[in-house]
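Below is one structure, written out as structure tokens, with a few remarks after it.
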Amino acid sequence: MVIKFYKFVISSSLITILVIVNSSLAHQQGFTTDLIHRDSPLSPLYNSFLSHHERLRNSIQHIQSQVKYAHGEYFMELSVGTPPVSQLGIIGTGSDLIWTQCHPCSQCYKFLPIFDPRKSSAYTVQSCDTRACLALGATQHTCTKDNTYYSYQYDNLLYTAEYFATETITFFKSQDGTLGKSFPNISFGCGNNNDGKFTTDGSGIIGLGGEPLSLVSQLGSSIDGKFSYCLIPLSTKGNYTMSGPGVISTPIIKGDPNTFYYNEGDMIIDAAATMTILPSDMYNDLSSTLGKAIRAKKVNDPTGQLKVCYRTSNNGHDLGVPNVTLHFEGGDLVLMASNTFVEVSSGVMCLAVLARQGQLGASLGNIAQMDFLIGHDIVEGRVSFRPTDCTTVQN
């Protein structure tokens with residue numbers, strides 16, 4: 287999803303974001319499931335020996351790596367098949383295809399369990415004349431008499447391929463972790479051949495983009511084409527909630543294709559990336575304006591990863607970081623200090639923004655999204671932000 291933005295404004299006072307509450311959705315039934323941060327104690331990747339600062343450094347390194355989905359920031363646990371087999375997928379708001387590793391595996395990553403479609407009564411390989419198969423595009427699928435084979439590539443460095451099929455997907459209830467709502471006939475890639483610079487971080491990728499093959503698009507009328515999520519700050523232990531429907535909304539600018547946008551003046555809302563990314567000239571303007579407002583000693587990042595850092599003696603409260611207002615078409619998004627600065631080591635706070643050369647490729651990372659209830663409406667082409675204490679959001 288993409289939001290048109292025009293400029294940044296630094297403000298020393300809090301301005302409430304302009305939002306519209308869609309009350310007609312409030313009483314519709316949806317479902318909730320948990321998003322698990324890779325460094326949460328609930329994650330299988332959790333390393334209790336790492337400090338908070340070390341985990342943050344790893345997250346920054348992940349976004350600077352060549353492949354966006356090589357390291358997942360957030361996972362969704364769901365079950366595939368009948369009987370259901372638990373899978374932990376990397377979520378991608380900028381991706382569309384749903385895929386998981388499958389037996390028999392000619393080349394798979396060492397993340398268990400691997401789904402075995404031969405043991406599921408609901409598994410069906412799609413024929414070439416299905417709408418889902420055609421949605422893959424001519425370059426992403428091949429056909430035989432009875433089967434469709436898919437091939438999906440990310441940034442030319444990660445790919446997954448083999449059967450394109452349908453299955454039953456079941457979500458876990460966020461309240462107690464038991465199996466909840468099931469959805470049959472979900473199109474997905476059953477990857478027997480997966481390669482590239484992908485780690486053992488997950489079973490596959492769960493696309494939440496705007497194209498027909500994304501999870502949100504396929505659930506369709508079941509969630510009214512809407513979903514929302516609320517990300518808890520990094521310092522908070524626990525999990526993250528995603529729910530649908532019942533969201534607030536403000537208009538966004540749509541493009542074609544619906545998933546990846548790198549047009550001038552556009553910004554991707556990217557929950558998969560830790561840091562916000564801005565074109566270099568806009569980054570320079572922002573950091574310069576912040577430097578004039580912050581009355582603290584500027585220091586180097588001891589990790590060598592971020593450029594704008596300050597010495598603090600009170601967890602950043604003494605810096606006087608002003609709010610940053612993003613002017614979007616349809617409303618203003620106010621980012622507080624906790625959305626723009628992170629403590630990279632004891633007594634050092636750095637701007638949680640990276641510069642990208644040129645004018646293209648701005649994205650809003652998940653630090654900037656924390657403590658906002660963020661809603662996506664892929665039918666109406668809307669995204670919403672509501673300031674929220676995400677630790678209090680009821681599942």
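Reminder that position 253 of the sequence shown reads as 539 in my numbering, one-by-one numbering, no gaps. Backbone N, C-alpha and C fix where the C-beta goes; we use that ideal spot for every residue, glycine too.
Here residue 557 is actually not in contact with residue 412; their C-beta atoms are around 29 Å apart, not less than 8 Å. Nearest neighbour of residue 676 by Cα position, chosen from 519, 555 and 649, turns out to be 519. Residue environment for residue 415: exposed (fewer than 16 other C-beta atoms within 10 angstroms of its C-beta). Assignment of residue 373 by DSSP, reduced to helix, strand and coil, places it in the strand class. Residue 438 is positioned such that its CB atom lies closer than 8 Å to that of residue 475. In the three-state DSSP reduction, residue 468 falls in the strand class (E or B). The beta carbon of residue 368 sits closer than 6 Å to those of 406, 407, 408 and 454, all from its chain and outside the five residues before and after it, given in chain order. Contact check between the stretch 628-642 and the stretch 592-604: three or more CB pairs, one atom from each, fall below 8 Å, which counts as touching.
For residue 333, there is no enclosing alpha helix (DSSP H), as DSSP marks it with neither H nor E. Boundaries of the alpha helix (DSSP H) harbouring residue 569: 566-579, taken from the DSSP string. The beta carbon of residue 400 lies closer than 7 Å to those of 387, 388, 389, 391 and 394 in the same chain, with the five residues before and after it left out. Across the structure, residue 371 and residue 397 are spaced so that their CA atoms are roughly 14 Å apart. Assignment of residue 341 by DSSP, reduced to helix, strand and coil, places it in the helix class. DSSP, read as helix, strand or coil, puts residue 396 in coil. For residue 419, the enclosing alpha helix (DSSP H) has its first and last residue at 417-422. In terms of Cβ geometry, residue 642 and residue 554 do not form a close pair [threshold 8 Å].
Listed in chain order, the beta strand (DSSP E) runs fully inside the stretch 622-666 are 627-631, 634-637, 639-642, 648-650 and 658-663, counting runs of at least 3 residues.
Taking a C-beta distance under 8 Å as the contact criterion, residue 514 and residue 660 qualify as a contact pair. Separation of residue 581 and residue 604 (C-alpha to C-alpha, rounded to the nearest whole angstrom) is 9 Å. Under the three-state reduction of DSSP, residue 505 is assigned to helix. When secondary structure is reduced to three states using DSSP, residue 672 falls in the strand class.
Taking C-alpha positions only, residue 600 is separated from residue 342 by approximately 19 Å. Judged by DSSP secondary structure, residue 387 falls within the beta strand (DSSP E) whose first and last residues are 384-387. A Cβ-Cβ distance of about 14 Å is found for the pair residue 469 and residue 494, leaving them out of contact under the 8 Å criterion. Counting C-beta atoms within 10 angstroms of its own C-beta, residue 512 has 16 or more neighbours from the protein chains shown and is therefore classed as buried. Shown here for residue 598: same chain residues with a beta carbon closer than 8 Å to its own, the five before and five after excluded, namely 582, 604, 605, 629, 633, 634 and 635 in chain order.
In terms of Cβ geometry, residue 618 and residue 611 form a close pair [threshold 8 Å]. Between residue 472 and residue 323, the alpha-carbon positions lie close to 25 Å from each other. Beta bridge pairing from DSSP links residue 448 with 436 and 477. Collapsing the DSSP output to three states places residue 405 in a helix.
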